[in-house]
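For reference, the structure discussed in these notes is given below.
There are 2 protein chains.
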Amino acid sequence: MRLLEEKINTDGKVLSENVLKVDSFLNHQIDPQLMLEIGKEFARIFAGEGITKIVTIESSGIAPAVMAGLYMNVPVIFARKRKSLTLVDDLLTASVHSFTKNETNEISISKKYVNENDRVLIIDDFLANGEAALGLVDIVQKSRATVVGIGIVIEKSFQHGAQKLKDLGLRVESLARIASLSNGKVSFINENVEELIK
Amino acid sequence: MRLLEEKINTDGKVLSENVLKVDSFLNHQIDPQLMLEIGKEFARIFAGEGITKIVTIESSGIAPAVMAGLYMNVPVIFARKRKSLTLVDDLLTASVHSFTKNETNEISISKKYVNENDRVLIIDDFLANGEAALGLVDIVQKSRATVVGIGIVIEKSFQHGAQKLKDLGLRVESLARIASLSNGKVSFINENVEELIK
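Top to bottom, those sequences are chains A and B. In this text, residue positions in the first sequence follow my numbering: the first is 1, and each later residue adds one. In this text, residue positions in the second sequence follow my numbering: the first is 1001, and each later residue adds one.
Encoded structure:
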């Protein structure tokens, strides 16, 4: 998505070979107009998939997910993160390890809102090692709903999350795919060039 | 806001005299169309105030705040909640006690995104004792920005948060104001009747 790549180029900050900071428009400060365009793009990509629910995770997934829900006219459920959960009967849970924060959280959604008749699109802001997305897939599959696909705002393609999800047979669509953060510079995977050299 | 009151009546659950559960459209599952209408209403109410930023708090404030930001064409910053924060120089912080969860969190925003030239609208999903809103006011005032007002989706008017904020001279605008949750029933403060009997 060109608009998003431009925004990353102008406002993103490369902190290391692994870390891209985008807290000026996605993770802390949010650009609502950009989120609307992102939601529209997810709706375009997953049109015709018969999606009935979007599942995301607090907090940075909420804005893009709600905008996608607006265009797709479906409810959005955000999974909650807790250090530990007292066992509650009506929750579906999974453990998610964050390598960035070096902590493991329990994530959960209520059984009430996703069931076997649902076709679910999972949306998240970042895809790196895939821990959060795999946790969301786990929860949705526990509800017996169908995971139609995973929509990601920014994929760090030099890490292994996308491949892990694809290995499970899942459709992964990322709006910006980063090939490398070397030398303080963001290099995107250029889809057009990839098509040409196939 | 009539649409919101109707939604609370049909989908809200009164769990006790103090607790209204709205996790089917606001706190866990989110209704994007309703959030859009809520954002539009905040934009209408605060039109002409010269607002430059919206500040909210994760996670349930994000959806209504982003929709308001969309209509008002301003960025949204969401404060993060942590149990404890390692001291970081570029953060503005406040302590917020949650009576519901009986825990105190540190909330914070980055200094980068709010400054003395900003006119800030604070948005949150619920107003009860006012702890979260007061914490947000504290943070925004520490940045030397002007707090233009506080926009609340659901105010529990039988608790003291709104009054505390008004006592500070702040403008509080709540889209639904609940007079009581007694007998398992939601009673709203009827603005029209209030006008009539003035």
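We put the CB at the ideal spot given by N, CA and C, even for glycine. Everything numeric in this text was worked out from a predicted model, so none of it was measured.
Across the set A:163, A:48 and A:28, the C-alpha of A:28 shows the shortest separation from the C-alpha of residue 1053 of chain B. Interface annotation, residue 1028 of chain B: in contact with chain A, CB-CB separation under 8 Å. Judged by DSSP in its simplified three-state form, residue 1054 of chain B adopts strand.
For residue 92 of chain A and residue 140 of chain A, the gap between their C-alpha atoms comes out near 8 Å.
For residue 1188 of chain B, the three-state secondary structure derived from DSSP is strand. Rounded to the nearest angstrom, the gap between the Cα atoms of residue 1180 of chain B and residue 1008 of chain B is 13 Å. For the pair of segments examined, the stretch 1124-1131 of chain B was found to touch the stretch 1151-1169 of chain B: the number of CB pairs separated by less than 8 Å reaches three.
One Cα belongs to residue 1041 of chain B, the other to residue 1155 of chain B, and the distance between them is close to 15 Å.
Contact between residue 119 of chain A and residue 50 of chain A holds, with the beta-carbon distance rounding to 5 Å and staying under 8 Å. Scanning chain A for C-beta atoms nearer than 8 Å to the C-beta of residue 1033 of chain B yields 70 and 73, reported in chain order.
A residue is called buried once 16 or more other Cβ atoms fall within 10 Å of its Cβ, and residue 70 of chain A is buried on that count.
With a 10 Å radius around the Cβ and a threshold of 16 neighbouring Cβ atoms, residue 1099 of chain B comes out exposed.
Annotated three-state conformation of residue 17 of chain A is coil, per DSSP. Of all residues in the stretch 42-68 of chain A, only 58, 59, 62, 63 and 66 come within less than 7 Å of chain B when Cβ atoms are compared, listed by chain position. Under DSSP, residue 122 of chain A shares a beta bridge with A:55 and A:150. In this model, residue 73 of chain A and residue 1089 of chain B are separated by some 42 Å (Cα to Cα). In terms of CA proximity to residue 1170 of chain B, B:1133 leads the group B:1133, B:1059, B:1183 and B:1188. A residue is called buried once 16 or more other Cβ atoms fall within 10 Å of its Cβ, and residue 96 of chain A is buried on that count. Close to residue 188 of chain A, with beta-carbon spacing below 8 Å, lies no residue of chain B; the smallest spacing is near 24 Å. Classified as exposed, residue 1019 of chain B has fewer than 16 neighbouring CB atoms from the shown chains inside 10 Å of its CB. Within the DSSP bridge table, the entry for residue 176 of chain A names A:154 as partners. Within the model, the alpha-carbon separation for residue 46 of chain A versus residue 1036 of chain B is close to 22 Å. Annotation: the continuous alpha helix (DSSP H) that includes residue 1010 of chain B extends over 1002-1011. Judged by DSSP secondary structure, residue 42 of chain A falls within the alpha helix (DSSP H) whose first and last residues are 32-45. Scanning A:106, A:188, A:110 and A:11 for the CA closest to the CA of residue 1030 of chain B turns up A:110. One thing to note: residue 122 of chain A has its Cβ within 8 Å of the Cβ of residue 55 of chain A. DSSP places residue 163 of chain A in the helix class (H, G or I) of the three-state scheme. A direct Cα-to-Cα measurement between residue 1078 of chain B and residue 1150 of chain B gives close to 14 Å. For residue 1164 of chain B, same chain residues with a beta-carbon under 6 Å away, outside a window of 5 residues either side, are 1130 in chain order. Residue pairing from DSSP places residue 1097 of chain B in a beta bridge opposite B:1104.
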